[in-house]
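Beneath this line is the structure, given in C-alpha cells, with notes to follow.
Here's what the structure looks like:
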C-alpha cells in the first residue's frame with residue numbers, strides 16, 4: 001500500500017502559552033486556518049510546544065521543513081517577576097546612586113495606607129555596586145570612568161555568584177560611552193555565561209529611576225528568557241523544525257527571538273497584547289469603540305480599542321496586582337518604561353481558587369490552580385474548588401469533555417469539591433453557592449474593564465465587549481450586564497484568539513533618542529538630523545535581524561513639554577516643523593489637562609520613530625469544524641428577579657456555531673465550539689454576522 005504524499009503547502013504557526021492551556025493556530029499559505037488546544041506544561045513550557053507541533057505535523061500530513069515561521073507569546077518573563085524566580089542580579093551604577101531603587105518615586109498605590117510596604121528591590125543592596133564616573137546632563141565627562149573599580153566590581157559579582165548584571169550610569173542616555181566601556185570590561189571579566197545589559201541601550205531616556213528600574217527588570221528576567229529560548233530552539237530542532245522564531249512584544253508587534261532575549265523586559269504582557277491586536281483587526285472595519293475581554297484559566301484582561309487602534313502607554317508596573325497604567329496609581333510594582341498596549345489584568349480566571357477566609361467569607365482568586373493540578377473537575381489531581389468547578393455545577397460548560405471531546409471532565413468531582421469546601425460549611429444550597437461564586441468573580445472582572453474605560457473617562461455602555469479566551473465567552477454577558485453594555489461579540493476561534501492575533505501581527509519596533517539640546521537650541525535642521533539618525537538605527541537593526549524593509553511604514557513622534565515641566569506628552573511628528581509641533585503640543589496639553597500656556601516655550605525631550613512591516617499573507621478562512629455531538633443540559637441562570645441567587649436549573653439547548661444564522665435567536669441556549677463555550681442567557685438574543693462572529697444583544701437595562 002503506497003504512503004500518502006506529504007503536503008506541499010507551507011505553514012506559519014502562532015503559539016500562545018496560558019496558565020492552563022497552550023493555544024496553537026496554523027495558517028496555511030493559501031489562507032486555511034486550523035486551531036488546536038493542548039494542556040500547558042509548566043515544568044517546561046517548551047516541552048508542551050514540541051509535543052503539540054509533532055502531533056500537528058502528523059495531523060497535517062506534512063514535514064517539519066514546511067513550517068516556515070513560528071510566532072510565539074509567553075508568560076515566562078512575567079511569571080519570573082511575579083514569583084520572584086528571576087536571576088541573581090547585580091547592579092553597577094554611578095558613585096552616590098546606589099539606592100535609587102530603594103528611594104523610588106514618592107508614590108503609593110493606596111492613599112493614606114499607613115501599612116504600605118514598598119516592593120522589595122529585585123537587586124539586594126549588597127549587590128548594588130558603585131564606581132567613580134560622572135557624565136554631565138549635556139553628555140560631557142565630569143569624572144572619567146575608573147576602570148579598576150569596574151574590575152573590582154566584576155570580581156565581587158563573580159564571588160557572589162551573580163547571573164546577570166545591569167549597568168545604569170547617570171546621564172548615560174545623553175552619552176553612553178562610560179556604560180559601553182564598563183559593559184566591555186564586565187564581559188571580558190565575567191565571560192559569556194553572565195547576562196549583561198545597560199540602561200542606555202534598553203531605555204535611552206531621562207529619569208534615572210525609571211531607566212534603572214527598567215534595565216534591572218531586563219537583567220533579572222534576561223537569563224530566564226535566554227534559557228527558555230535555548231530550550232525552545234533545541235526542542236524544535238529535535239523534531240526537525242529550524243524556521244525563524246518571532247516573539248510578540250508588549251507593544252503589540254513582533255520581533256526576532258534573539259532581539260527578545262536582549263530586550264527581555266519587552267516580553268512582559270506579550271500574551272495579552274496578542275489578543276488585543278486580534279481584537280483591533282476585528283474592529284478595524286468600523287468606527288465603534290471596542291473593549292477586549294480575555295479570560296483564560298488564570299487571569300482576566302481588558303483593553304480599549306478606538307478607531308481600530310488599541311490604547312497604548314509607555315508606563316507599566318509589573319507585580320502591582322491590577323495594572324491601571326495610571327499616573328495617579330503607582331508604587332505597587334516594578335516600573336518598566338517601554339511601549340505597552342494598555343492592558344488591565346487581574347487575577348480572575350477559570351482556575352481561580354474558591355476559598356473561605358478567616359471570617360468565613362468566600363474569596364475567588366487571585367491564586368490559581370493553573371494547568372497542574374488544575375480545577376478538580378479536570379481530574380489531574382486538583383483538590384481545591386475553582387471557578388471552573390462552579391461553571392460545571394451551574395451547567396455553563398460541558399460536564400463530559402472539552403476541546404471537542406479530547407479533554408475529559410469529572411463533573412461529579414468538581415461539584416463535590418464545591419459542596420464540601422464551600423456550600424456545606426456555609427449551610428447553603430450547592431447551586432446557590434455556585435451562583436454566588438460566579439457573581440463574586442464577575443464583580444472582580446468588572447474592575448479590569450472599568451480600569452480601561454470608566455477610569456479613563458470612557459463610558460463602557462457606549463462600547464461593544466469582544467469576549468475571547470477559553471472562558472471569556474462563558475461569562476461575557478454576565479460582565480456586560482454588570483456594566484450596562486448592550487452588545488457582545490464572540491469572534492471565530494475565540495478560545496485561541498490570542499494565538500490567532502500572533503499571526504495577524506506586524507513586525508513593529510520603536511526607537512527613541514533624546515534631543516540632547518537645551519530648550520530653544522533645536523532648529524529644523526537639527527530635528528531632521530535626529531530623525532535621520534533614528535531611521536538609520538532602525539534600518540540597521542531590522543536588517544541585522546533578517547527583515548526585508550520593502551513596504552515599511554515609518555511614523556515619527558515627538559516627546560514635548562513646557563520648559564520647567566517634569567513630564568512630557570507625545571504628539572505625531574509627521575511634518576518636521578517646530579512651530580507645527582509646538583501647536584500640536586498645546587492642543588494635546590489642553591485636551592489632557594484642560595489648559596494651555598502660550599507664554600511658556602516648548603522643549604523637545606525625545607524623538608521617537610516607529611517602524612512597521614505590514615503582514616503580507618493570504619486572507620484567512622477557517623477549516624470546517626469536525627462533527628461534534630451536542631447534548632442539551634440543565635443550566636441554572638441568574639435569578640430572574642434580579643437577586644443574588646440562581647434560578648431553578650432547566651433544560652437548555654446546546655448548539656454549534658453553524659446552527660446560528662443572521663436571524664436573531666432568543667436565549668437561553670449555549671454555543672459550543674471546539675475551543676470555547678458561549679452562554680446566552682434568558683432575555684438575550686444571538687446571531688451570526690457576515691464573517692461568522694456571534695453577536696449577542698442584551699436586554700435593555
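Numbering (full-length UniProt numbering), first residue to last: 1 to 701.
Ideal Cβ positions, reconstructed from N, Cα and C, are used throughout, including at glycine.
Exposure of residue i, with buried meaning 16 or more beta-carbon neighbours within 10 Å
| i | result |
| --- | --- |
| residue 598 | exposed |
| residue 16 | buried |
| residue 490 | buried |
| residue 252 | buried |
| residue 475 | buried |
| residue 563 | exposed |
| residue 592 | exposed |
| residue 590 | exposed |
| residue 36 | buried |
| residue 606 | buried |
| residue 471 | buried |
| residue 543 | exposed |
| residue 173 | buried |
| residue 550 | exposed |
Nearest-angstrom Cα separation, counted from residue j out to residue i
| i | j | result |
| --- | --- | --- |
| residue 306 | residue 289 | 5 Å |
| residue 697 | residue 662 | 13 Å |
| residue 380 | residue 447 | 31 Å |
| residue 14 | residue 493 | 13 Å |
| residue 58 | residue 51 | 11 Å |
| residue 282 | residue 76 | 27 Å |
| residue 406 | residue 85 | 33 Å |
| residue 363 | residue 546 | 50 Å |
| residue 559 | residue 534 | 14 Å |
| residue 193 | residue 163 | 8 Å |
| residue 272 | residue 294 | 8 Å |
| residue 496 | residue 469 | 6 Å |
| residue 265 | residue 633 | 46 Å |
| residue 622 | residue 317 | 37 Å |
| residue 610 | residue 587 | 22 Å |
| residue 81 | residue 250 | 15 Å |
| residue 74 | residue 601 | 44 Å |
| residue 674 | residue 340 | 31 Å |
| residue 21 | residue 55 | 16 Å |
Residues of its chain near residue i, where Cβ-Cβ distance is below 6 Å and the 5 sequence neighbours each way are ignored
| i | result |
| --- | --- |
| residue 10 | 29, 66, 68 |
| residue 737 | Since the first residue of the chain shown is 1 and the last is 701, residue 737 is not available in this structure. |
| residue 198 | 167, 179, 183 |
| residue 27 | 12, 33, 503 |
| residue 706 | Residue 706 is absent from the model: the chain starts at 1 and stops at 701. |
| residue 692 | 492 |
| residue 327 | Any answer about residue 327 is weak, because its pLDDT of 49 lies below 50 and its placement is not dependable; what the coordinates show is given next. Nothing meets the Cβ criterion. |
| residue 221 | 77, 80, 86, 264 |
| residue 212 | 100, 168 |
| residue 417 | 376, 385, 389 |
Beta-carbon spacing of residue i, residue j below 9 Å
| i | j | result |
| --- | --- | --- |
| residue 508 | residue 254 | yes |
| residue 347 | residue 365 | yes |
| residue 165 | residue 233 | no |
| residue 473 | residue 679 | yes |
| residue 203 | residue 196 | no |
| residue 628 | residue 350 | no |
| residue 280 | residue 343 | no |
| residue 681 | residue 631 | no |
| residue 670 | residue 690 | no |
| residue 296 | residue 501 | no |
| residue 438 | residue 483 | no |
| residue 258 | residue 70 | no |
| residue 466 | residue 270 | no |
| residue 481 | residue 461 | no |
| residue 655 | residue 672 | yes |
Residue i CB to nearest heavy atom of the ligand MN below 8 Å
| i | result |
| --- | --- |
| residue 658 | Ligands in the displayed structure: none, and consequently the ligand MN is not present. |
Sequence-distant residues of its chain with Cβ nearer than 8 Å to residue i (five each side left out)
| i | result |
| --- | --- |
| residue 131 | 92, 93, 94, 95, 145, 146, 149, 150, 153, 182 |
| residue 517 | 526, 604 |
| residue 324 | Residue placement at residue 324 is flagged as unreliable, the pLDDT there being 47, under the threshold of 50; the coordinate-derived value follows with that caveat. Result list for residue 324: 344, 451, 455, in chain order. |
| residue 521 | none |
Close beta carbons around residue i, own chain, < 7 Å, minus the five adjacent residues each side
| i | result |
| --- | --- |
| residue 684 | 477, 667, 696, 697, 698, 699 |
| residue 121 | 101, 102 |
Original post:
In the stretch 341 to 429, which residue ranges form an unbroken alpha helix (DSSP H) of at least 4 residues, counting only runs that do not cross its ends?
Top reply: 387 to 394, 411 to 418
Subject >> Every unbroken alpha helix (DSSP H) inside the stretch 94 to 170 [4 residues or more] >> reply: 100 to 103, 147 to 159
Original post:
Which parts of the stretch 476 to 522 are runs of the alpha helix (DSSP H), unbroken and 4 residues or longer, counting only runs that do not cross its ends?
Top reply: 497 to 503
**OP:** Just list the alpha helix (DSSP H) runs in the stretch 199 to 270, keeping only unbroken ones of 4 residues or longer that don't cross its boundaries, in chain order.
**Re:** 199 to 202, 208 to 238, 257 to 262
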